[in-house]
Structure formats: C-alpha cells, structure tokens
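Encoded as structure tokens, the structure appears first; notes follow it.
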Amino acid sequence: MSYNPSEIEAKWQKKWDNEKAFEPDEGLDRKKKYILSMFPFPSGRLHMGHVRNYAIGDAFARYYRKQDFNVLHPIGWDAFGMPAENAAIKNGRDPKEWTYSNIDYMRKELNRLGLSFSKTREFATCDELYTKWEQEFIIKMFEEGLLYRESATINWCNDCHTVLANEQVEDGCCWRCDNPVELKEMPGYYLDIIKYADDLLDDLKQLEGKWPQQVLTMQENWIGKSKGLEFELKLSDSSKAKLGGEFDSFTVFTTRPDTIYGVTYTALAPEHPICKYLLKNNLLDEDVSSRLVEISNMTEIERAKEDKEGYDLGLSVIHPLTGEEIPVWSANFVLASYGGGAVMSVPAHDERDFDFATKYKLPIKRVIVGKDDELPYTKEGTLENSDELNGISNIDAKKDVIALFEAKKLGRGTTNYKLRNWGISRQRYWGAPIPFVHCDDCGLVAEKIENLPIALPEDVEITGEGNPLDKHPTWKYCSCPKCGKDAKRETDTLDTFVESSWYQFRYATNPNKWNSVGIDKEEANYWLGVDQYIGGIEHAILHLLYARFFTKVLRDLGYHDIDEPFNNLLTQGMVLMDGAKMSKSKGNTIDPDALVDKYGADTARLFTLFAAPPTKELEWNDSAVEGAFRFIKKLYDRKSKVASRTLLDIDQSKLTKESKLARVKVYEALQKSTDVYERTFAFNTLIASCMEALNALDKQDNKDVWTEGMYIMLNLLEPIVPHVATELSEMLFDRENLRVQIDVKDEVFVQDSIAYMVMIGGKKRTEIEVAPSASQEEILTLAKEAGAKWLDGMSIVKEIVVPNKLVNLAVKPN
RNA sequence: GCGGAUGUGGUGAAAUUGGUAUACACGCCAGACUUAGGAUCUGGUGCUUUACGGCGUGGAGGUUCGAGUCCUCUCAUCCGCACCA
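Pasting the structure below:
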C-alpha cells in the first residue's frame with residue numbers, strides 16, 4: 017500500500033474532530049502551556065506565511081500535549097477592518113457577510129492542515145459578544161480617566177478616509193495602504209498610554225532573553241524616555257508688548273541642563289502658540305509668514321527631508337541665570353509634538369544647533385572643555401564660561417543645574433517620552449462602535465453597561481466617502497444615558513488594534529462564560545502569560561506594544577493579575593519566492609490549498625519547518641518540497657520493517673556495528689527534541705536528526721532495532737507531520753508510542769571503542785581506536801605510536817587529552 | 001548618523017562549554033532498473049596538487065596546544081529608528 021496523503025489526512029482530521037482531541041481541560045490544576053500563533057485577518061484565503069505561523073505553533077502545542085501539559089492552543093479571527101469595506105465598495109458585498117464567508121472558507125483551509133486548535137474557543141472579533149466586552153473595557157477606561165476626547169492634529173489617510181495612530185504611520189505613509197499621510201486637526205478619542213510608559217519600559221527587563229532583542233530595543237526606542245530640565249523662558253518687555261500682552265513666557269525642555277550657559281538662541285515650532293499669534297496678527301514679513309504656514313502643513317517626515325531652515329521672529333527672552341537677552345527663532349526642525357514645541361539652542365555642544373547657528377551666523381559659546389577643540393563638542397568635559405559651575409564635570413552639572421533651577425523655582429527636573437497617546441478613533445463603519453453619546457446638556461456621556469453591545473446597523477450604504485455611520489439616517493439618534501434627552505451617538509469606531517490587544521485573554525475564558533464575563537479572572541491568571549507566542553516581526557511595535565499596554569490597564573481595572581501577556585515570543589521570518597516577499601501583485605505566490613492537494617498537509621508542514629530555522633526567511637523551493645515528500649514516503653514505506661507491536665528489550669552486546677549506530681542516531685534525535693522545543697526552536701535540525709536516524713536504520717536489518725527506531729521516531733515526528741505519524745503509530749503500535757514519555761537510554765551511547773583524533777602541532781594527523789577504560793597514559797602512548805611519523809625530529813612540548821575526542825601533542829623541532 | 005542582526009560549498013543550511021568544519025536536504029555527476037523517465041534505487045560531490053600534502057567559515061590581526069565559535073580593527077548586506085531638544 018503506497019502513501020496516500022489525502023486519504024490519511026481526511027481520516028485523521030475527522031477522527032480528531034470526533035474525539036474532540038484538542039480541547040484543554042476545564043479544570044485548572046494541571047501544569048499548563050498556552051501556545052498562541054497570531055490570529056489571522058480573514059482576507060479570503062490563506063497564504064504561506066499563515067502555514068508557517070501555524071505549523072510552528074502546532075508543533076509546540078502537540079509537543080507539550082505529549083509532555084502531559086494541559087495545552088491551550090486556540091484560533092480566532094481578527095475580523096474588523098478596512099478590506100471588508102473595500103469589498104463593499106468594489107463588489108457591493110455586505111462587510112459582515114463578506115467577513116463571515118471568508119472565515120468559513122479559511123477555516124476549511126486551516127482544517128486541511130490538521131492543526132490542533134481548540135474548536136470551542138474560536139471567535140471573530142466582529143462577533144457582537146466580543147464587541148460587548150470591549151465596549152465595557154473602553155467605558156471603564158473612560159471612568160478611570162485613561163480615555164479622553166480632544167481635538168488635535170492627527171495623521172489622516174485620504175485613501176482609507178480615516179485617522180491613523182502614530183504607530184500606524186510607516187515612513188510617512190499609511191501602514192495598510194501605503195498612501196502618504198496628511199495632517200488634519202480634528203476631534204478624536206485617545207488612550208493615555210504615556211501614563212504607562214514607565215511600566216511598559218521597565219517590564220521589558222522581564223522579557224530579556226525571552227523576546228528577540230531586536231523587538232525589545234525597538235519598543236524601548238519607541239517609548240523614547242529621556243530625563244532633563246523643563247523651565248520657563250521669560251519674554252523681554254518689548255517682546256511682551258509686541259505680543260499684545262498675551263504671553264509672558266514659554267516652556268522649553270532640555271536633556272543638557274549642563275550647557276545652560278551656552279544658550280545663544282531659542283527656537284519654536286511653527287505651530288507654537290506664539291508663532292500662531294504672530295501669524296494671525298500679521299506681525300511678520302509676508303514671505304516669512306507664508307513660509308511658516310507652508311512648513312506647518314508639512315508632516316514631520318517631510319520636514320525631516322528638508323534642510324534646516326528658520327526665521328528670526330524679532331522677539332527675545334531673558335536668560336534665567338545671566339539675564340542676557342536671547343533671540344527667538346522659529347525653525348522647521350522643532351517638533352510641536354515634543355517637549356512643548358520649543359528648544360533652547362546650544363550650538364557649541366549640539367550638532368543640529370551648530371549647523372543652524374552656522375547657517376544663520378548666530379553666536380556660538382563654548383561652555384565645556386574636553387579632549388579636543390573641535391566644535392560642536394558633544395563629549396564629556398569640564399564646565400567653563402559658566403560662572404558658579406566652572407570647573408565641575410558636565411555629568412555632575414546636569415544634576416546641579418536641575419537642583420539650582422528647582423531651588424530658585426525657575427524650573428524642574430522632568431521626563432519626556434517620544435511615545436504619543438494612542439488615537440483610537442476611526443471614521444469607518446467596519447469596527448466596534450465607540451460607546452459614547454454626545455448630549456447638549458451633559459456633554460460626553462458613556463453608554464450604560466446594560467445597553468452593551470452598541471451594535472452596528474446592518475442597512476448601511478458604503479461608498480468610501482465619509483463615515484457610513486454618520487451618514488446613516490437613524491442610527492446615531494438616541495437618548496442621553498444620563499438625562500434621557502435627545503442625544504447623538506458617537507459615530508467613530510475603534511481602531512482594530514484594540515480588538516487584538518485583549519484577544520489572548522478571551523481565549524483563556526471558558527466559552528460557557530462568554531455571555532456573562534469578558535475575562536474570567538481565575539482562568540486568565542491560570543493560562544496567561546502565553547507560554548509561546550508566534551508571529552511576524554512587523555508587529556514589533558504596533559500590536560505587541562498595544563497588547564502589553566492593554567494587559568496592564570486591564571490588570572489595574574481588576575480583570576486579572578497578569579503583568580505581561582506574552583512570556584516568550586518567536587518572530588518568524590517571511591516566506592520568500594526568488595528573494596522577494598510573496599505577494600499577489602507580484603504574482604509570486606504559492607497557494608497552500610494547491611500545495612495540500614498535490615502533496616498533502618504533512619509535506620507542506622514538513623517543508624516549512626525543515627527548509628530554514630523559524631526565525632529566518634524561508635526561500636521557496638519546489639524541489640525541496642519534493643524532498644520533504646520523499647522523506648514521508650520513505651518513512652511510510654518502512655512500516656514493513658517493524659516486527660512487533662510493543663518494544664522488546666534489546667541486547668546491545670549482540671548488535672552489529674550498524675545496528676548500534678542506528679540506535680545512537682535514534683536516541684540522539686530523541687535528545688535533540690527536548691533541546692529544540694524548549695531552547696533552540698531549530699525544528700530544521702530535529703528533522704535532520706530524524707532523517708539521519710532513518711538513514712542509519714536503513715543500513716541495518718535488526719527487526720527490534722527497527723521497531724524501536726520507528727516507535728521513537730513517530731513520536732518525535734508527530735508534532736510536525738501529525739497525520740502520517742499518527743496513522744503509522746496506530747497501524748504499528750496502537751498509538752501507544754504517542755501516549756508515553758520516552759526516556760533516553762544511556763547504554764545506547766556506550767561504545768566498544770572510542771575514536772580519538774590525533775593532532776600534532778595543531779594539525780589533524782591520524783586517528784586511534786581506544787578502549788573506553790583506557791587511562792590517559794595509555795591513550796597518549798597509543799597516540800605517540802600512531803603519530804611517530806610526524807614526531808620524528810620533534811620534541812613534545814605539551815600533551816593534551818580531551819576525553820572522548822582527541823589528543824593534541826604540541827611540538828617543536830629538536 | 002544611531003541601534004540591532006547576518007556573512008560558512010553551486011543552493012537552503014548544520015556544528016554543547018573553543019575540540020575531526022560543511023551534518024541533513026536540494027542541485028549536479030556517474031551507475032542500476034526501465035520502451036521511456038522530470039519515477040525509483042546505489043555511489044560520488046569544498047578548492048588545489050600526479051602524489052605526499054597544502055588551503056579553506058567576508059577581510060586583516062590577536063589570544064590559545066587548538067578558533068566558524070573568544071578579542072581588536074575592517075568590509076559587505078539586511079532590518080529598525082531617524083532633526084526627540
């Protein structure tokens with residue numbers, strides 16, 4: 017009977033379904049493993065990246081089940097988002113119908129891969145039961161002051177017709193559609209993630225060694241914490257007069273308080289209130305004001321590409337320590353969104369300030385002496401030209417100046433972050449409605465918890481123009497939850513990253529409670545954090561930062577006691593074809609369905625795990641897929657070599673050299689398995705070990721060695737090629753070999769003689785066979801005899817014996 | 001510019017604490033079986049040399065009895081951040 021994957025795979029998939037083989041225990045007393053691959057967006061079809069992601073996760077899940085862990089391995093659908101609306105615009109599909117039919121199709125595709133997911137815990141984030149609890153969390157956050165609404169300058173994608181969070185802007189373009197982002201002033205809802213910045217930063221330490229260093233670094237840089245001095249610069253009397261008495265001073269932030277005496281000018285962002293006042297009242301030259309308006313309309317990315325540019329505003333401030341008058345400029349490199357939108361400039365000790373001062377011939381005053389005389393000098397040194405601070409190191413001066421400003425009540429030590437608060441409003445239909453109501457009398461009012469979920473209307477017209485919820489004839493009209501008067505519902509929906517920020521907790525909650533709670537605390541505390549999370553590195557900031565933030569917020573709201581959602585993170589590499597990412601537009605895709613049709617799911621899984629280690633990019637190779645298929649066929653064919661249904665004791669002393677070697681290879685693969693699942697994740701090497709074992713078994717014909725070899729190998733391969741491994745295990749061993757833990761037998765590794773390499777003068781020269789009991793002296797004697805040819809005319813300087821490996825004789829000529 | 005990573009055969013890649021570099025697979029070559037083979041099986045396959053041998057993990061040094069592995073410098077590629085005061 018030859019290998020027939022479609023028959024075997026269909027058989028076992030059905031059987032696993034009937035057996036409900038992959039549901040976790042309801043009880044919470046066993047040791048647990050929570051294995052999670054990032055859930056898919058239901059785009060319509062699976063791609064090879066999904067196959068890789070789920071093949072890796074499934075290997076972990078099946079391995080730990082065999083190690084007798086209670087395993088949670090769920091799947092669901094990240095189901096809200098733009099593509100559903102695009103389908104509506106292009107093909108007139110209803111977004112809900114489009115989404116759920118995609119889910120049905122993709123579920124079948126996933127089933128065909130034989131993945132060991134829990135079937136009872138599956139959900140889509142667009143399910144109203146999911147929205148209900150998400151809206152409750154949002155209201156709780158509002159009540160705690162973590163969520164607020166304000167009008168601000170936001171990133172606008174004119175293709176998606178919606179706002180984007182800072183994290184969702186990549187290179188000045190929309191993360192989803194790559195359209196250049198524009199700036200717009202509009203109201204929106206924000207989550208105060210900055211309040212958690214220190215918590216998010218500090219807890220990265222817990223993840224050291226468990227998350228890729230690159231991801232930790234990226235998050236650290238994104239949060240961008242810096243400590244420094246914040247203080248007010250008082251305007252001169254003439255400047256105050258020029259500004260109509262509207263302004264008295266402005267605030268600046270510096271991380272270099274030690275250079276305070278070197279300030280020679282200050283610069284404001286073009287959006288700074290003082291600039292705006294000057295523009296509004298026509299107090300600047302025509303060309304200056306029109307240029308400042310132009311710069312204001314540029315995004316930060318666009319400004320970064322321009323040369324440094326600035327204009328003297330004709331104002332001055334008083335230096336807080338020297339009392340000198342300092343000119344005020346406006347410059348294109350000063351960001352409105354950071355540090356109050358104003359800087360003190362110290363050209364002698366800052367590269368950017370130096371460039372600017374050089375360009376506009378502004379004074380440069382050196383206040384630190386150090387190793388060299390070159391300006392700008394940004395290294396350590398000793399203060400000069402700094403009155404009472406002269407002679408102290410600039411490191412100490414940082415603290416001293418902050419203390420001085422605080423004592424004189426001129427300023428304060430403070431911390432700034434690059435991280436911006438998370439804008440969560442989206443002016444789109446296919447998302448979770450933001451559960452608030454605008455009342456003329458009561459203002460912004462949260463919906464009553466008992467009214468949740470606030471569901472989407474189904475009779476909407478989606479044109480791509482404007483917000484469909486806002487344009488709906490009746491949906492937004494409601495009564496105020498507080499006073500009962502006529503009011504209007506919020507028509508913005510939540511950023512879809514909100515859904516993916518807490519789904520890991522939803523899976524952990526038993527589905528029979530999904531009606532009554534969002535997150536079951538006891539179950540969340542048992543299952544979380546996720547023991548192994550697997551997904552693409554593209555979420556290094558976005559999803560992974562938001563999910564960490566949500567975890568901490570929900571903890572503080574009392575929903576659970578977990579600090580970090582994902583204890584271990586594996587970032588898988590991309591699947592490439594001819595060196596490029598597979599994509600529909602390039603036409604270089606492999607359809608997983610077609611692959612399964614041709615070779616079966618086991619081959620698809622084996623290839624993706626074998627061709628490269630999981631963190632590296634995976635280059636597609638048709639003939640290597642054939643190779644994977646050949647290995648499975650060979651394995652299947654060797655079932656005829658097995659002679660008994662149970663393991664028999666093997667008398668090691670009666671085996672041939674080849675049989676002994678085969679046992680060594682089999683047990684080496686067994687040892688490798690633990691190492692791979694628990695430390696290196698190098699599935700490719702485990703598979704290679706199994707191939708070596710099979711090759712070695714093939715070179716001998718002892719039936720008992722074959723039986724033992726297959727018994728162990730099928731156990732090792734079951735997480736990777738579950739269908740064929742289970743089929744053979746049933747045929748040969750009644751699946752007994754999948755239920756037991758197999759221990760390594762040390763006697764297998766005991767050798768009759770050990771080969772020692774003989775090195776002379778650091779070069780490999782010959783080999784000797786040595787009895788395991790041989791003493792160091794005996795080994796050396798043998799080595800010298802065997803190496804006599806190379807020792808002639810030499811004297812031995814040093815003798816090294818590495819047990820079981822080699823002898824090295826260091827020599828010099830006589 | 002800053003930060004992180006990676007450089008090993010024709011290709012994807014292996015290599016505990018420093019201890020026989022290139023396991024495993026693909027490809028290629030030769031052979032067997034075949035009417036045929038893009039099927040299957042067997043053997044071979046780093047470079048160089050007639051041979052003994054020599055040389056080989058991006059490059060140059062260093063430490064060591066011994067370096068792909070550790071140290072210093074350097075080159076290349078990829079990724080992330082990018083005027084953050």
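Numbered by the working numbering, the letters in the first sequence go through residues 17 to 830 in order.
Every residue, glycine too, gets a C-beta built ideally from N, C-alpha and C.
request  = Measure the beta-carbon distance from Gln-443 to Thr-178 and round it to whole angstroms, keeping in mind my assumption that it falls under 8 angstroms.
outcome  = As a working note, residue 443 is residue 427 in the first sequence. As a working note, residue 178 is residue 162 in the first sequence. Contact holds; Cβ gap of about 5 angstroms.
message = Can you tell me whether Lys-47 is buried or exposed? The criterion is at least 16 other CB atoms within 10 Å of its CB, across all chains shown.
response = Within the first sequence, residue 47 is the residue found at index 31, counting from 1. It is exposed - the Cβ of Lys-47 has fewer than 16 other Cβ atoms within 10 Å.
inquiry  = In the DSSP output, what is Asp-208 paired with across the bridge?
reply    = Here the question's residue 208 lines up with position 192 in the first sequence. Beta-bridge pairing links Asp-208 to no other residue.
request  = Measure the beta-carbon distance from Val-732 to Ala-685 and round it to whole angstroms, keeping in mind my assumption that it falls under 8 angstroms.
outcome  = Counted from its first residue, the first sequence places residue 732 at position 716. Counted from its first residue, the first sequence places residue 685 at position 669. Note that residue 732 is Leu in the sequence shown here, rather than Val. Their Cβ separation, rounded to whole angstroms, is 6 angstroms, which keeps Leu-732 and Ala-685 in contact under 8 angstroms.
ask   = Which full runs of the beta strand (DSSP E) of 3+ residues lie inside the segment 488-532, going along the chain?
value = 493-495, 502-505
key: contact_flag[the segment 139-146, the segment 107-120] where n(CB pairs < 8 angstroms) is 3 or more   = yes
inquiry  = Can you look up Lys-324 in the DSSP assignment and give me helix, strand or coil?
reply    = Numbered from 1 along the first sequence, position 308 holds the residue referred to as residue 324. It is coil, neither helix nor strand.
query = Is DSSP giving Asn-467 helix, strand or coil here?
reply = As a working note, residue 467 is residue 451 in the first sequence. Helix at Asn-467.
task = Since I believe Ile-465 is in contact with Ile-155 (beta carbons under 8 angstroms), could you give me their beta-carbon distance rounded to a whole number of angstroms?
result = Stepping through the first sequence from its first residue, residue 155 is reached at position 139. Stepping through the first sequence from its first residue, residue 465 is reached at position 449. Indeed, because the Cβ distance is near 7 angstroms, the residues count as touching under 8 angstroms.
request  = Measure the Cβ-Cβ separation of Met-773 and Leu-822 and say whether it is below 8 angstroms.
outcome  = Locating residue 773 in the first sequence gives position 757, counting from the first residue. Locating residue 822 in the first sequence gives position 806, counting from the first residue. Cβ distance < 8 angstroms, so Met-773 and Leu-822 count as in contact.
Neighbourhood of Asn-182 by C-beta distance below 6 angstroms, restricted to the same chain and skipping five residues each side = Here residue 182 is taken as the residue at index 166 of the first sequence, counted from 1. If we look at Asn-182 and ignore the five residues flanking it on each side, its Cβ neighbours are Arg-436.
ask   = Buried or exposed: Ile-105, going by 16 or more other Cβ atoms within 10 Å of its Cβ?
value = The sequence position of residue 105 within the first sequence is 89, counting from 1. Looking at its Cβ environment, which holds fewer than 16 other Cβ atoms inside 10 Å, Ile-105 is exposed.
inquiry  = Quick check: the Cα distance between Ser-675 and Tyr-523, rounded to an integer number of angstroms?
reply    = Counted from its first residue, the first sequence places residue 675 at position 659. Counted from its first residue, the first sequence places residue 523 at position 507. Taking the straight line joining both Cα atoms gives about 48 angstroms.
message = Which same chain residues end up closer than 6 angstroms to Gly-355 when comparing Cβ atoms and leaving out the 5 residues on each side of it in sequence?
response = Counting from one through the first sequence, the residue named residue 355 turns up at place 339. Around Gly-355: Phe-269, Asn-432.
Length of the line joining the Cα atoms of Leu-232 and Leu-560 = Walking along the first sequence from the start, residue 232 turns up at place 216. Walking along the first sequence from the start, residue 560 turns up at place 544. Between Leu-232 and Leu-560, the C-alpha separation is close to 10 angstroms.
ask   = Pairing CB atoms from the segment 398-413 with CB atoms from the segment 378-388, are three or more of them under 8 angstroms?
value = yes
task = Name the two residues that bound the continuous beta strand (DSSP E) containing Lys-7.
result = For the chain, the structure presents residues 17 to 830; residue 7 sits outside this window and is missing.
Asp-384, DSSP secondary structure in three states = Here the question's residue 384 lines up with position 368 in the first sequence. Reading off the sequence, residue 384 comes out as Ile, not Asp. It is a strand residue.
message = Pairs of beta-carbons, one from the segment 722-737 and one from the segment 657-675, closer than 8 angstroms: are there three or more?
response = yes
request  = Could you please give me the residues that DSSP links to Tyr-549 through a beta bridge?
outcome  = Position 533 of the first sequence holds residue 549. According to DSSP, which records beta bridges pairwise, Tyr-549 is partnered with Leu-52, Leu-585.
message = Can you tell me whether Glu-176 is buried or exposed? The criterion is at least 16 other CB atoms within 10 Å of its CB, across all chains shown.
response = Working through the first sequence from its first residue, we reach residue 176 at position 160. Here residue 176 is Cys; the residue named in the question, Glu, does not match the sequence. It is buried - the Cβ of Cys-176 has at least 16 other Cβ atoms within 10 Å.
request  = Kindly indicate the opening and closing residues of the beta strand (DSSP E) around Lys-574.
outcome  = Start at 1 with the first residue of the first sequence, and residue 574 comes out as number 558. Here residue 574 is Gly; the residue named in the question, Lys, does not match the sequence. Per DSSP, Gly-574 belongs to no beta strand (DSSP E) and is neither H nor E.
ask   = When the Cα atoms are used, what is the spatial distance from Ala-77 to Leu-88?
value = As a first step, residue 77 must be located in the first sequence, where it is residue number 61. As a first step, residue 88 must be located in the first sequence, where it is residue number 72. About 8 angstroms.
key: Contained beta strand (DSSP E) runs [length at least 3] in the segment 676-742, N- to C-terminal order   = none
ask   = DSSP on Cys-291, reduced to helix/strand/coil?
value = Taking the first residue of the first sequence as position 1, residue 291 is located at position 275. Residue state, collapsed to three classes: helix.
ask   = With a CB to CB cut of under 8 angstroms and the five nearest residues on each side skipped, what residues in its chain are close to Gly-204?
value = As a first step, residue 204 must be located in the first sequence, where it is residue number 188. Arg-165, Glu-166, Ser-167, Ala-168, Ile-170, Val-179, Gly-439, Ile-440, Ser-441, Asp-508, listed in sequence order.
query = With C-beta atoms as the reference, is Trp-530 less than 8 angstroms away from Val-591?
reply = Against the first sequence, residue 530 aligns to sequence position 514. Against the first sequence, residue 591 aligns to sequence position 575. In this structure, Val-591 does not lie closer than 8 angstroms to Trp-530 by Cβ.
key: Among Ala-596, Asp-475, Cys-496, Lys-673, the one whose alpha carbon lies nearest that of Thr-490   = Here residue 490 refers to the residue found at position 474 of the first sequence. If we check each option's Cα against that of Thr-490, Asp-475 comes out closest.
ask   = What residue from Phe-645, Leu-807, Met-729, Lys-597 has the CA that sits closest to Lys-779's CA?
value = By one-based count along the first sequence, residue 779 stands at place 763. It is Leu-807.
inquiry  = In whole angstroms, give me the CA-to-CA distance for Ser-59 and Arg-128.
reply    = For the purposes of this step, residue 59 is taken as residue 43 along the first sequence, with counting starting at 1. For the purposes of this step, residue 128 is taken as residue 112 along the first sequence, with counting starting at 1. The straight-line gap from Cα to Cα measures roughly 18 angstroms.
Any 3 or more C-beta pairs closer than 8 angstroms across the segment 31-48 and the segment 91-104 = no
inquiry  = Quick check on the DSSP output: what are the complete alpha helix (DSSP H) runs of length 4 or more inside the segment 313-362, in order along the chain?
reply    = 316-321
query = In the DSSP assignment, what are the bridge partners of Phe-266?
reply = By one-based count along the first sequence, residue 266 stands at place 250. Paired residue(s): Leu-249.
query = What is the DSSP secondary structure of Met-590, reduced to helix, strand or coil?
reply = For this step, residue 590 is matched to residue 574 along the first sequence. Looking at Met-590 - three-state DSSP - the assignment turns out to be coil, as it is neither helix nor strand.
key: Arg-654 in three-state terms, based on DSSP   = For the purposes of this step, residue 654 is identified with residue 638 of the first sequence, where counting begins at 1. If DSSP states are grouped into helix, strand and coil, Arg-654 belongs with the helices.
ask   = What is the rounded straight-line gap between the Cα of Met-593 and the Cα of Thr-605?
value = Locating residue 593 in the first sequence gives position 577, where the first residue counts as 1. Locating residue 605 in the first sequence gives position 589, where the first residue counts as 1. Computed Cα separation, rounded: 7 angstroms.
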